[in-house]
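**Student:**
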Amino acid sequence: MLKHLDAWSSFNSDKSNPFYEKVDMDNIALMGHSRGGDAVTTAALFNTLTKSPDNSDISFKFNYKIKSVIAIAPSYGQYRPADKFTKIKNVNYLLLQGANDDDVSNFSGRWQYNNVSFDKDTDYFKSLLYIYKANHGQFNTVWGDTDIPGTIGGWLLDRKPLLKASEQQEVAKVYISAFLETTLKNNQSYKPMFENYQYASKWLPKSAYINDYQDSKFKTISNFEEDQDLTTGSLKGVTLSGRNLSYSEKNQGFKNPNNAFQDNSVLSINLKKADSSYKIDLSEDVLKTLQLKTDSKLSLSVASNDEASYKKGSFDSKYFTIKATDKNGNSAIVKLENYNILHPSIGVKMSKLYFFTKGRFGGDFEPVLQVFNIPLKDFKAANSNFNTDNLKSIEFVFDKDKQGNLMIDDIGIE
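Heads up, the sequence shown is in our numbering, so the first residue is 355 and it goes up one at a time.
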């Protein structure tokens, strides 16, 4: 892939070539599907290195201006440079994944998504879109609707719920073209759809979608990665507590038990009683670090993880209320449902036979985190006495459900 860029660079500088000075080598994006989705992140990594991680005799001298990477239903970790999972930084990243993918049946791209990071004072973002009724093969025009080849595989798979190939490809066209417009051409009019897919709903086929988002302005309050202490956040001076519920920090799992974890620690909340809550207290030092502004947003990613309710056929969304309190005791309340859709625990019937679904895919249930970005000014609008500059605590109040399980991750400020 990088050698292809070598070729294009040569074409662009060769006066005798038809592509002479017609290729913008300052605005490069890489895109790949399936194993190609894994390869593009490897290429982005190698682009920054001077030697092969696996052989010092092989020197690299690429350093192309790769601004964006697009991964479509990618595998992850099949090739590990220097026996390490690929981590990339300071590049825009878009991930598309079908919920009905019978090839890359675990959401392994989410693992790579978690391993995309940004330096302070840069201008990058990462976003993912999880698409119900989308399979693996229909993202291109060749592989079709049977992700397991052969007559037996085609018979076993439940293909009836799938989007039409043209619909699935339309989702990809919409998101990929908007991503390139945003990251290569600096057209900011499409940016909101990466924070909240509902901005693109008029262009998308009817289905259920989940999206996540984070940019280089994000400042972590708690991502549950730092230690085993349930009472402290990621920033020193953040204190965590719960009331009328039990909670733990656990590694987020995949469907398939053979690939049990995706190296991402989340907060797991088990609701036991009505009117329970989870509270985040912030010290003065934390406020100085966060540097809250009038356009700042509280960001968190949430997933309903109530497999028991799903098996019973209960599909209630686990919405909750968010209460912010300043140091003078003024509180303001907003409702989570006003900022995005939190889908209930939805399973995907991968096969016509449950034992095949269980044996090959590990089951039909996989929680996926949905981002919610809540402008701090909305708390001010809810209570004019509330002072965002003196934010003292944030509380998630579970006032709608007595039972259930939720996952929460990446609590911070955008």
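Don't be surprised by glycine CBs; every beta carbon is placed ideally from N, CA and C.
Please work out which residues of its chain come closer than 6 Å, Cβ to Cβ, to S406, disregarding the five sequence neighbours upstream and downstream, and give them in chain order.
**Tutor:** Taken in chain order, the residues that qualify are I412.
**Student:** Contact defined as beta carbons within less than 8 Å: I believe Q606 pairs with S655. What is the distance between those atoms, to the nearest angstrom?
**Tutor:** Not really, about 11 Å apart at Cβ, beyond 8 Å.
**Student:** Going by DSSP, what residues sit across from G386 in a beta bridge?
**Tutor:** A425, per the DSSP bridge assignment.
**Student:** Thinking C-alpha only, which one of G386, S630 and G491 is nearest G596?
**Tutor:** Nearest of G386, S630 and G491 to G596, Cα basis: S630.
**Student:** Take Q522 and list the residues in its own chain whose beta-carbon comes closer than 6 Å to its own, dropping the five residues that flank it on each side.
**Tutor:** Closer than 6 Å at the Cβ level, and outside the excluded window around Q522, lie A488 and Q492.
**Student:** Ignore the nearest five residues each way along the sequence and tell me which others in A398's own chain have a CB closer than 8 Å to its CB.
**Tutor:** Once the five neighbours on either side are set aside, the close Cβ partners of A398 are L384, I420, V423, I442 and V445.
**Student:** With DSSP as the reference, label G463 as helix, strand or coil.
**Tutor:** Helix.
**Student:** For I748, write down the residues that DSSP places opposite it in a beta bridge.
**Tutor:** I748 pairs with I634 and A678.
**Student:** Quick check on DSSP: helix, strand or coil for N659?
**Tutor:** N659 falls in the coil class under three-state DSSP.
**Student:** So who's on the other strand from R597, going by DSSP bridges?
**Tutor:** The partner list for R597 (beta bridge, DSSP) reads S631.
**Student:** Quick one: is N460 buried, meaning 16 or more other Cβ sit within 10 Å of its Cβ, or exposed?
**Tutor:** That one is buried.
**Student:** For L690 versus F674, is the C-beta distance shorter than 9 Å?
**Tutor:** Yes.
**Student:** Pick helix, strand or coil for M547, following the three-state DSSP scheme.
**Tutor:** In this structure, M547 counts as helix in the three-state DSSP scheme.
**Student:** Anyone know if the C-beta pair for T679 and K731 falls short of 9 Å?
**Tutor:** In this structure, K731 does not lie closer than 9 Å to T679 by Cβ.
**Student:** Quick check on the DSSP output: the beta strand (DSSP E) that includes A488 runs from which residue to which?
**Tutor:** Per DSSP, A488 belongs to no beta strand (DSSP E) and is neither H nor E.
**Student:** Quick check on the DSSP output: the alpha helix (DSSP H) that includes L359 runs from which residue to which?
**Tutor:** Where L359 is concerned, the enclosing alpha helix (DSSP H) stretches over L356 to S367.
**Student:** Applying the criterion that 16 or more other CB atoms from any shown protein chain within 10 Å of the CB defines a buried residue, is Y551 buried or exposed?
**Tutor:** It is buried - the Cβ of Y551 has at least 16 other Cβ atoms within 10 Å.
**Student:** Judging by CA-CA distance, which residue of S658, M547, F472 and K480 is the nearest neighbour of R464?
**Tutor:** Considering only alpha carbons, the answer is K480.
**Student:** Check each candidate in L589, V640 and I765 and name the one with the smallest Cα separation from E749.
**Tutor:** The residue with the shortest Cα to Cα distance from E749 is I765.
**Student:** Pull up the CB-CB distance for N468 and N618, whole angstroms please, since I reckon it's below 8 Å.
**Tutor:** Sure, about 5 Å apart at Cβ, within 8 Å.
**Student:** Run the CB neighbour count on M761, radius 10 Å, all protein chains shown included, and call it buried at 16 or more, exposed below.
**Tutor:** It counts as buried.
**Student:** Below 8 Å on the Cβ atoms is my contact criterion, and I expect S747 with K571 to pass it. Report the Cβ-Cβ distance as a whole number of Å.
**Tutor:** With a Cβ gap of about 22 Å, S747 and K571 do not count as contacting.
**Student:** In terms of DSSP beta bridges, what is P729 paired with?
**Tutor:** P729 pairs with K651.
**Student:** Cβ atoms of Q542 and K626: under 9 Å apart, would you say?
**Tutor:** Going by C-beta atoms, K626 is not nearer than 9 Å to Q542.
**Student:** Among residues of its own chain, excluding the 5 on either side of E579, which ones have a beta-carbon nearer than 6 Å to its beta-carbon?
**Tutor:** Around E579: S619.
**Student:** Give the single residue among A554, Y563 and D455 whose Cα lies nearest to the Cα of L511.
**Tutor:** When only C-alpha atoms are compared, the closest one is D455.
**Student:** In whole angstroms, what separates the C-alpha of I575 from that of F472?
**Tutor:** Spanning the two alpha carbons is a distance of roughly 16 Å.
**Student:** What distance in whole Å lies between the Cβ atoms of N659 and Y693, which are believed to be in contact at a cut-off of 8 Å?
**Tutor:** Their Cβ separation, rounded to whole angstroms, is 20 Å, which puts Y693 and N659 out of contact at 8 Å.
**Student:** Distance, Cα to Cα, D743 vs P729?
**Tutor:** Rounded to the nearest angstrom, the two C-alpha atoms are 13 Å apart.
**Student:** With distance defined between alpha-carbon atoms, name the residue in S367, F414, R389 and E535 nearest to K357.
**Tutor:** Closest option to K357, Cα to Cα, is F414.
**Student:** Assign Q552 to one of three DSSP states: helix, strand, or coil.
**Tutor:** Helix, per DSSP.
**Student:** Helix, strand or coil, according to DSSP, for T574 in the structure here?
**Tutor:** In this structure, T574 counts as strand in the three-state DSSP scheme.
**Student:** In the DSSP assignment, the alpha helix (DSSP H) including L558 goes from what residue to what residue?
**Tutor:** Element bounds for L558: n/a, residue is neither H nor E.
**Student:** For a quick check, are the C-beta atoms of G431 and D392 less than 9 Å apart?
**Tutor:** It is a contact, given that the beta carbons lie within the stated cut-off.
**Student:** Relative to the C-alpha of S561, which residue among H697, H490, K376 and M379 is closest?
**Tutor:** Per the Cα distances, H697.
**Student:** Pull up the distance between the alpha-carbon of W362 and that of H490, whole angstroms please.
**Tutor:** Rounded to whole angstroms, W362 to H490 spans 30 Å at the Cα level.
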